[in-house]
Amino acid sequence: MERKIVRIGDTPLSFSVYSVESSPTHKNNPGTVEIIFCLKGTVRFGYAYEDFTLIAGDYIAVDRDAYFLYKGRDNVCVSFYLDLLRYEDKYPYARHSLYVCEGTPETDVPDYPRPSHMKLKSLMIAALKCTAEGGNESSIQNIADKMADLFVNNFDIAFYHYGSENMPEKTLERIRYITVYLQEHLHEKISMKTLADEMEITEGYLSEFMRKNSIGFRNMLAYIRANESEEYLLNTDKTIMEISELCGFSDVKYYYSAFKRWYKCTPKQFRERYATITDTDIEYLPLDSIDELISQLLQEHFIDTYAR
1 MERKIVRIGD
11 TPLSFSVYSV
21 ESSPTHKNNP
31 GTVEIIFCLK
41 GTVRFGYAYE
51 DFTLIAGDYI
61 AVDRDAYFLY
71 KGRDNVCVSF
81 YLDLLRYEDK
91 YPYARHSLYV
101 CEGTPETDVP
111 DYPRPSHMKL
121 KSLMIAALKC
131 TAEGGNESSI
141 QNIADKMADL
151 FVNNFDIAFY
161 HYGSENMPEK
171 TLERIRYITV
181 YLQEHLHEKI
191 SMKTLADEME
201 ITEGYLSEFM
211 RKNSIGFRNM
221 LAYIRANESE
231 EYLLNTDKTI
241 MEISELCGFS
251 DVKYYYSAFK
261 RWYKCTPKQF
271 RERYATITDT
281 DIEYLPLDSI
291 DELISQLLQE
301 HFIDTYAR
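My numbering puts the first residue of the sequence shown at 1, with every later residue one more than the last.
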């Protein structure tokens, strides 16, 4: 079944409203962040690293990872689609960034919910309310701008690996430079010396910087390459060895090891599970059919934010 996505004028924000029991494996287009927001009932969300149960008021964002929904029960969900490529003039690294945004108590993000989680939830509710009431495009554009700012400045995976949203600006700039470089050269032979020379710093300094502020050079490169391999595993019949070579791994054993570290399964197991999930049980709903839910959500969020 084709997704029924409603674009909000010429803004970077689109949405779908639906009730779902199960959905097939899906991957978003590069630069798109999808935020799945459960308004009622429950649904299970499965992707590369783990599964979550979303209940009313919970949400989770997904960018490049393949995911599927299952075990939906009496639910209503909204998926927001934020096109971050529309912000490349302001955030030139947005195309290469990855994000961790888990608005559920099951997350392992410390101090959940952080103010950034509550703010994103407020913006999603505002987008629903504004759109349902026929709000003008400038209001939706303003909401989309604030959502993009949150993802770039609070939910970049760099903060997750650093362990805090309070990363020094110069450190973040350097991590982003490294991330962009590795993504743009992932099919090439890259060494720490190559990168250090590119950055005009010593190899020892780079090694220590990556160890203290991220997951280390080898781990970051392996993660980026393993993430890239999802596309080949799901949408081609290439062998594991061929995929390993295409994604820049030095040998297939290293690919298996790196993939299993991040995905908790082998590439073959990932392909067998995700490529075969095709069940579709989704009913798309008009926005005006959930007016009461939006009002209830707004009231509950106000109480959670200001009265508890």
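Glycine included, each C-beta is placed from N, C-alpha and C at the ideal position.
Specify, as a first and last residue, the run of the alpha helix (DSSP H) that D149 falls within. Translated into positions along the sequence shown, residue 149 becomes position 149. 137 to 154 is the span of the alpha helix (DSSP H), which, as asked, contains D149.
Are the CB atoms of E21 and I330 within a distance shorter than 7 Å? Residue 330 is absent from the model: the chain starts at 1 and stops at 308.
For V78, report the span of its beta strand (DSSP E) as first-last. Numbered from 1 along the sequence shown, position 78 holds the residue referred to as residue 78. 67 to 83 is the span of the beta strand (DSSP E), which, as asked, contains V78.
Inter-residue Cα distance where the pair is L150 and I35: Along the sequence shown, one-based indexing puts residue 150 at 150. Along the sequence shown, one-based indexing puts residue 35 at 35. Answer to the nearest angstrom: the Cα atoms are 13 Å apart.
Would you decide whether T276 is buried or exposed? Buried here means 16 or more other CB atoms lie within 10 Å of its CB. Reading the sequence shown from its first residue, position 276 is the one you call residue 276. Counting Cβ neighbours within 10 Å, T276 comes out exposed, since fewer than 16 surround it.
Let me check one thing: in DSSP terms, what residues is V33 bridge-paired to? Walking along the sequence shown from the start, residue 33 turns up at place 33. Per DSSP, L82.
Does chain D have any CB closer than 7 Å to the CB of N153? Given the protein chain composition of this structure (a single chain), no chain D is represented.
Thinking just about the alpha-carbon of each residue, which of I240, C130, V62, F249 is nearest to the one in Y223? Translated into positions along the sequence shown, residue 223 becomes position 223. Comparing Cα-Cα distances from Y223 to each of I240, C130, V62, F249, the minimum goes to F249.
Nearest to P286 by alpha carbon, out of R174, F15, M241? One-based indexing of the sequence shown puts residue 286 at position 286. Nearest of R174, F15, M241 to P286, Cα basis: F15.
Buried versus exposed, by CB contacts within 10 Å (16 or more), K121: One-based indexing of the sequence shown puts residue 121 at position 121. Flag for K121 reads buried.
Candidates D279, K253, T280: closest to K268 by CA position: Looking up residue 268 in the sequence shown gives position 268. Ranking the options by Cα distance to K268, first place goes to K253.
Quick one: residues in its chain with C-beta nearer than 6 Å to the C-beta of N28, no 5 flanking neighbours on either side, listed in chain order? For the purposes of this step, residue 28 is identified with residue 28 of the sequence shown, where counting begins at 1. Correct list, in chain order: E34.
Can you tell me where the alpha helix (DSSP H) holding Y284 begins and where it ends? Residue mapping note: residue 284 aligns to position 284 of the sequence shown, counting from 1. Element bounds for Y284: not the alpha helix (DSSP H) but the beta strand (DSSP E), 281 to 284.
Closest by C-alpha distance to T32, when choosing among P24, L82, A48: The residue given as residue 32 occupies position 32 in the sequence shown. Considering only alpha carbons, the answer is L82.
Please report how far the alpha carbon of R64 lies from the alpha carbon of I282, in whole angstroms. In the sequence shown, residue 64 corresponds to position 64, counting from 1. In the sequence shown, residue 282 corresponds to position 282, counting from 1. Their backbone Cα atoms lie some 22 Å apart in a straight line.
Can you tell which of S139, Y70, L98 has the C-alpha that lies nearest to the C-alpha of T328? The requested residue 328 is not part of the displayed model; the chain covers only 1 to 308.
If I measure Cβ to Cβ from D279 and keep anything under 6 Å in the same chain, skipping five residues before and after, which residues do I get? The residue you call residue 279 lines up with position 279 of the sequence shown. Closer than 6 Å at the Cβ level, and outside the excluded window around D279, lie S22.
Report the option in E173, P105, N154, I175 whose CA atom is closest to the CA atom of E165. Start at 1 with the first residue of the sequence shown, and residue 165 comes out as number 165. Per the Cα distances, N154.
Just to confirm, are Y70 and R44 a CB contact at a threshold of 7 Å? As a first step, residue 70 is located in the sequence shown; it is residue number 70 there, counting from the start. As a first step, residue 44 is located in the sequence shown; it is residue number 44 there, counting from the start. In this structure, R44 lies closer than 7 Å to Y70 by Cβ.
Leaving out the 5 sequence neighbours to the left and right, which residues in its chain are closer than 7 Å to H117 when beta-carbon positions are compared? The sequence position of residue 117 within the sequence shown is 117, counting from 1. For H117, where only same-chain residues beyond five positions count, the Cβ hits under 7 Å are G103.
Would you mind working out which of R73, E106, L13, R86 sits nearest G50, comparing C-alpha positions? Position 50 of the sequence shown holds residue 50. Note on residue identity: the sequence assigns Glu, not Gly, to residue 50. Taking only the C-alpha atoms, the option nearest E50 is E106.
So, helix, strand or coil for E200, using DSSP? One-based indexing of the sequence shown puts residue 200 at position 200. Residue state, collapsed to three classes: coil.
Just to confirm before moving on: does the CB-CB distance between T25 and F68 stay below 7 Å? Position 25 of the sequence shown, counting from 1, holds the residue named residue 25. Position 68 of the sequence shown, counting from 1, holds the residue named residue 68. Yes, they are a contact pair.
Expressed to the nearest angstrom, what Euclidean distance is found between the alpha-carbon atoms of F159 and I215? Your numbering for residue 159 matches position 159 in the sequence shown. Your numbering for residue 215 matches position 215 in the sequence shown. Their Cα atoms are separated by approximately 11 Å.
Between which two residues does the alpha helix (DSSP H) carrying L293 extend? Working through the sequence shown from its first residue, we reach residue 293 at position 293. Unbroken alpha helix (DSSP H) run through L293: 291 to 306.
Applying the criterion that 16 or more other CB atoms from any shown protein chain within 10 Å of the CB defines a buried residue, is R73 buried or exposed? Start at 1 with the first residue of the sequence shown, and residue 73 comes out as number 73. Result: exposed.
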